[in-house]
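Per the working numbering: the sequence shown ends with 420, consecutive numbering throughout.
By construction, the Cβ of each residue, glycine as well, lies at the ideal position given by its N, Cα and C atoms.
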Amino acid sequence: LLMIGGYLSFMGIEAKANYKNTLLAQVLPVEMLEGDDRVEAPEGVFATPVNAEHATIKGFSEWPMFLGYNKVFAKHNTETVLNIGEDPLL
């Protein structure tokens with residue numbers, strides 16, 4: 331299962347996606363916010379590896395600039411592989 335993000339993913343713009351209140355929320359490794367979870371970054375932000383040797387990102391040396399992302403919190407007993415600042419991205 332993979333959720334990529336966007337205006338109508340996770341909670342989304344104005345919380346219209348509302349995946350927090352679906353069965354999908356139980357299987358995702360993240361906790362979603364109650365409302366709009368968008369973090370807009372027109373200046374651009376970069377992801378930082380937490381574990382550069384993890385199989386999902388091993389071999390990637392550069393990450394693109396992101397102009398926004400959905401803010402979530404990692405659930406207990408999950409592994410974060412990439413962060414933007416203190417926020418888990420992957």
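Per DSSP, the bridge partner or partners of Phe376: DSSP, once it has assigned bridges, lists Met395 as partnering Phe376.
If we call anything under 8 angstroms between Cβ atoms a contact, is Val402 one with Val360? Yes, the Cβ-Cβ distance between Val402 and Val360 is below 8 angstroms.
Let's see if you can read the secondary structure: which residues bound the alpha helix (DSSP H) around Ala355? Per DSSP, Ala355 belongs to the alpha helix (DSSP H) from Leu354 to Val357.
Quick one: is Ala385 buried, meaning 16 or more other Cβ sit within 10 Å of its Cβ, or exposed? Ala385 comes out exposed.
Would you report the Cα separation of Val357 and Leu363, rounded to the nearest angstrom? Distance between the alpha carbons of Val357 and Leu363 is about 16 angstroms.
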